[in-house]
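Colleague: The sequence shown begins at 0 in numbering that gives the first Met the number 0 and counts up one residue at a time.
Just so you know, even glycine gets a beta-carbon here, dropped at the ideal spot from N, CA and C.
This one's a predicted model, so the numbers in the text were calculated from it and none came from an experiment.
Can you keep this structure in mind? I'll have questions shortly.
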Amino acid sequence: MKILLIGEFSGFHRALKLGLQKLGHEVILAGSPDGFKKIPIDVNLWPSNKWAKYKMLNAFLKQFSIIKGIKNLKGFDVVQFISPLRFHNSIPFYGKWFNSFCYKKMIKHNKKSFLVSCGNDSVYLHLGRKQLLYNPIDAEIKYSNVIPNKVKDYKALEWNKYLAKEISGVIPASYEYNIGYNIFKDEINLSPIIPMPIDTSEYIFNENIVFDNKIRIMHGITKHGKKGSNFILQALKQVENKYSDKVVIDTVERLPLNEYQEKLRTCNILIDQCNSYGYGINALIGLAMGKVVMSGAEPEELNALNVTDCPVINIRPDADDIFAKVEQLIVNKHNIQALGTASRNYVEEVHDAVKVAEQYVNFWNKS
0 MKILLIGEFS GFHRALKLGL QKLGHEVILA GSPDGFKKIP IDVNLWPSNK WAKYKMLNAF
60 LKQFSIIKGI KNLKGFDVVQ FISPLRFHNS IPFYGKWFNS FCYKKMIKHN KKSFLVSCGN
120 DSVYLHLGRK QLLYNPIDAE IKYSNVIPNK VKDYKALEWN KYLAKEISGV IPASYEYNIG
180 YNIFKDEINL SPIIPMPIDT SEYIFNENIV FDNKIRIMHG ITKHGKKGSN FILQALKQVE
240 NKYSDKVVID TVERLPLNEY QEKLRTCNIL IDQCNSYGYG INALIGLAMG KVVMSGAEPE
300 ELNALNVTDC PVINIRPDAD DIFAKVEQLI VNKHNIQALG TASRNYVEEV HDAVKVAEQY
360 VNFWNKS
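What follows is the structure, encoded as structure tokens:
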């Protein structure tokens, strides 16, 4: 098949692309490099970064670069979007119309169209998150004391629901992204949950060995409230106070993906996030490298993925809970090597890009 992937989310589409290519498909990834992460793409639809600091000018230029780019992106067997607002810009009274214009144009000029539900699409923001005991959006609001515009934007929700009904199908990447669409599943073609992909061949697995009797713990900070870094940093402070002779703690912030991964290679434990029911791409990279990963792994998420034995250590937005689970790893550091091996085995079994790509192709074909 000839496949067009639109948009990026922490390397999600890039990993899927690599899996599809290994199955023999022709794949183009278009969109933007996902900000500071600088993820490789084939067709950049966004204007030059030199205009990024001029928001209105950048939004104005963005419409021309997008139109120029998508006019050649036609005739694909499948076009798949991440986010229903990929082409939205900040020009008042115009951005939403331009966004819908671009989606309709691409749907019209390609055979089948699909939407991956991951990241902050509007159905999740308005419907899905309300069914969760905790979530990154409400945590962000509480931490910053500011309600993001995307949460107040009910027109975006209506567009999201309209788009879901017009396209060939919606594919949720986890339990959290499924529950919102499940409310109106009779009106759309809703796929079973397909796990997030990772190309395991890109990540070298090394035995997770504790050197110099010092356990190396890493946490990558993005947004303190959203990912729960405020709780994680509190817990790490407790760890440092009690076990300073047994741990080395490394916190990094907003690094390009390649630099971040270099840092990750040297740690034993990755603390990812604590405001989510499930784990994401960052956790998958840690698992693939054989790290002990602490992130979201609630029973609802594992049931949705149809797995019974997951090595991800579930953490919640509670500094004492996180501290207690890190402490257990410190006290039982002899288990770290085996846990690292289990991490790699798990990601190869559940999330390998080729296996995930096969599930996508099966759903595309029958839709």
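#1: With a cut-off of 8 Å, does the C-beta of glycine 68 fall near any C-beta of chain B?
#2: Return the CA-CA distance between aspartate 244 and phenylalanine 11, expressed in angstroms with no decimal places.
#3: Would the beta-carbon of isoleucine 284 fall within 8 Å of that of isoleucine 208?
#4: What are the start and end residues of the beta strand (DSSP E) that includes alanine 29?
#5: Less than 8 Å between the CB atoms is what I'm expecting for valine 328 and isoleucine 321, so what's the real figure, rounded?
#6: With a cut-off of 8 Å on the beta carbons, I'd call tyrosine 359 and isoleucine 193 a contact; round off their distance for me.
#7: Considering aspartate 198, what are the terminal residues of the beta strand (DSSP E) in which it resides?
#8: Just to confirm my understanding: we take lysine 16, look at its own chain, exclude 5 residues before and 5 after, and list those with CB closer than 7 Å. What are they?
#9: If contact is defined by three or more beta carbon pairs under 8 Å, each pair taking one atom from either stretch, is the stretch 269-280 in contact with the stretch 292-300?
#10: Under 8 Å, with one C-beta from each stretch per pair, do the stretch 65-79 and the stretch 89-106 reach the 3-pair mark?
#11: Consult DSSP for glutamine 358 and reduce its assignment to one of helix, strand or coil.
#12: Where DSSP assigns a beta bridge to histidine 125, which residues make up the other side?
#13: Could I get the ranges of all uninterrupted beta strand (DSSP E) runs contained in the stretch 221-254, with 3 residues as the minimum, in chain order?
#14: Is the distance from the Cβ of phenylalanine 230 to the Cβ of aspartate 317 below 8 Å?
#15: Can you tell me whether DSSP reads asparagine 144 as helix, strand or coil?
#16: Kindly indicate which residue of Asn305, Arg264, Arg315 has the alpha-carbon position closest to the one of valine 291.
#17: Measuring only the C-alpha atoms, how far is phenylalanine 86 from proline 135?
#18: Taking all protein chains shown into account, do 16 or more other C-beta atoms lie within 10 angstroms of the C-beta of phenylalanine 92, making it buried, or fewer, making it exposed?
#19: Would you mind sorting methionine 55 into buried or exposed? The rule is 16 or more other CB atoms within 10 Å of its CB.
#20: What's the C-alpha gap between methionine 0 and phenylalanine 362?
#21: For the beta strand (DSSP E) that contains methionine 392, what are its first and last residues?
#22: Using only CA atoms, which one of Glu175, Gly168, Ile140 lies nearest to cysteine 117?
#23: Determine the direct distance from the alpha carbon of histidine 218 to that of lysine 226, and round the result to whole angstroms.
#24: Apart from the five residues just before and just after isoleucine 280, which ones in its own chain have a Cβ nearer than 8 Å to its Cβ?
#25: So for glutamine 79, helix, strand or coil by DSSP?
#26: For my contact list, leucine 132 and glycine 179 are in at a C-beta cut-off of 8 Å; report their separation, rounded to the angstrom.
#27: Terminal residues of the continuous beta strand (DSSP E) containing proline 310?
#28: What does the Cβ neighbour count give for glutamine 74, buried or exposed, with the cut at 16 atoms within 10 Å?
#29: Enumerate in chain order the residues of its own chain whose CB-to-CB distance from valine 353 is below 6 Å, with the five nearest sequence positions on each side excluded.
#30: Have a look at the DSSP bridge pairing and note the partners of methionine 217.
#31: In this structure, what does DSSP give as the bridge partners for serine 370?
Modeller: Walking through what the data contain:
#1: Chain labels in this structure do not include chain B; a single protein chain is all it has.
#2: Translated into the one-based positions of the sequence shown, residue 244 becomes position 245. Translated into the one-based positions of the sequence shown, residue 11 becomes position 12. Answer to the nearest angstrom: the Cα atoms are 38 Å apart.
#3: Locating residue 284 in the sequence shown gives position 285, counting from the first residue. Locating residue 208 in the sequence shown gives position 209, counting from the first residue. Cβ atoms of isoleucine 284 and isoleucine 208: not closer than 8 Å.
#4: As a working mapping, residue 29 is identified with position 30 in the sequence shown. It spans 25-30 - the beta strand (DSSP E) in which alanine 29 sits, taken as one unbroken run.
#5: The residue you call residue 328 lines up with position 329 of the sequence shown. The residue you call residue 321 lines up with position 322 of the sequence shown. Here residue 328 is leucine; the residue named in the question, valine, does not match the sequence. That belief does not hold up - the Cβ atoms of leucine 328 and isoleucine 321 are roughly 11 Å apart, past 8 Å.
#6: The residue labelled residue 359 in the question sits at position 360 within the sequence shown. The residue labelled residue 193 in the question sits at position 194 within the sequence shown. Between isoleucine 193 and tyrosine 359 the Cβ distance is about 6 Å, and since that is below 8 Å, they are a contact.
#7: In the sequence shown, residue 198 corresponds to position 199, counting from 1. No beta strand (DSSP E) holds aspartate 198; DSSP gives it neither H nor E.
#8: Numbered from 1 along the sequence shown, position 17 holds the residue referred to as residue 16. Leu4, Val26, Leu28.
#9: yes
#10: yes
#11: In the sequence shown, residue 358 corresponds to position 359, counting from 1. If DSSP states are grouped into helix, strand and coil, glutamine 358 belongs with the helices.
#12: As a working note, residue 125 is residue 126 in the sequence shown. DSSP output for histidine 125 lists no bridge partner at all.
#13: 246-252
#14: As a working note, residue 230 is residue 231 in the sequence shown. As a working note, residue 317 is residue 318 in the sequence shown. In contact: phenylalanine 230 and aspartate 317 (Cβ atoms closer than 8 Å).
#15: Taking the first residue of the sequence shown as position 1, residue 144 is located at position 145. Three-state DSSP puts asparagine 144 in coil, outside helix and strand.
#16: As a first step, residue 291 is located in the sequence shown; it is residue number 292 there, counting from the start. Looking at the Cα atoms, Arg264 is the closest of the given residues.
#17: Residue numbering aside, residue 86 sits at position 87 when the sequence shown is read from its first letter. Residue numbering aside, residue 135 sits at position 136 when the sequence shown is read from its first letter. So the alpha carbons of these two residues sit roughly 23 Å apart.
#18: Along the sequence shown, one-based indexing puts residue 92 at 93. Exposed.
#19: Stepping through the sequence shown from its first residue, residue 55 is reached at position 56. It counts as exposed.
#20: For the purposes of this step, residue 0 is taken as the residue at position 1 of the sequence shown. For the purposes of this step, residue 362 is taken as the residue at position 363 of the sequence shown. C-alpha separation (whole angstroms): 13 Å.
#21: Lying before the first or after the last residue shown, residue 392 is absent from the chain, which here runs from 0 to 366.
#22: Position 118 of the sequence shown, counted from the start, is the residue given in the question as residue 117. With distances taken between Cα atoms, cysteine 117 lies closest to Glu175.
#23: One-based indexing of the sequence shown puts residue 226 at position 227. One-based indexing of the sequence shown puts residue 218 at position 219. In a straight line, the C-alpha of lysine 226 is about 11 Å away from that of histidine 218.
#24: Counting from 1 along the sequence shown, the entry for residue 280 is found at position 281. The answer, listed in chain order, is Phe8, Ser9, Gly10, Phe11, Ala14, Met195, Ile197.
#25: Numbered from its first residue, the sequence shown carries residue 79 at position 80. Note: glutamine 79 maps to strand in three-state DSSP.
#26: To locate residue 132, count along the sequence shown from 1; it is residue 133. To locate residue 179, count along the sequence shown from 1; it is residue 180. Their Cβ separation, rounded to whole angstroms, is 15 Å, which puts leucine 132 and glycine 179 out of contact at 8 Å.
#27: As a working note, residue 310 is residue 311 in the sequence shown. Note, proline 310: premise wrong, no beta strand (DSSP E); not H, not E.
#28: On the sequence shown, position 75 is the one that residue 74 refers to. For clarity, residue 74 is glycine in the given sequence; the question names glutamine instead. With fewer than 16 Cβ atoms within 10 Å of its Cβ, glycine 74 is classed as exposed.
#29: The sequence position of residue 353 within the sequence shown is 354, counting from 1. Result list for valine 353: Gly18, Lys21, in chain order.
#30: By one-based count along the sequence shown, residue 217 stands at place 218. Asp249, Leu269, per the DSSP bridge assignment.
#31: The question about residue 370 has no answer here: the residues shown for the chain are numbered 0 through 366.
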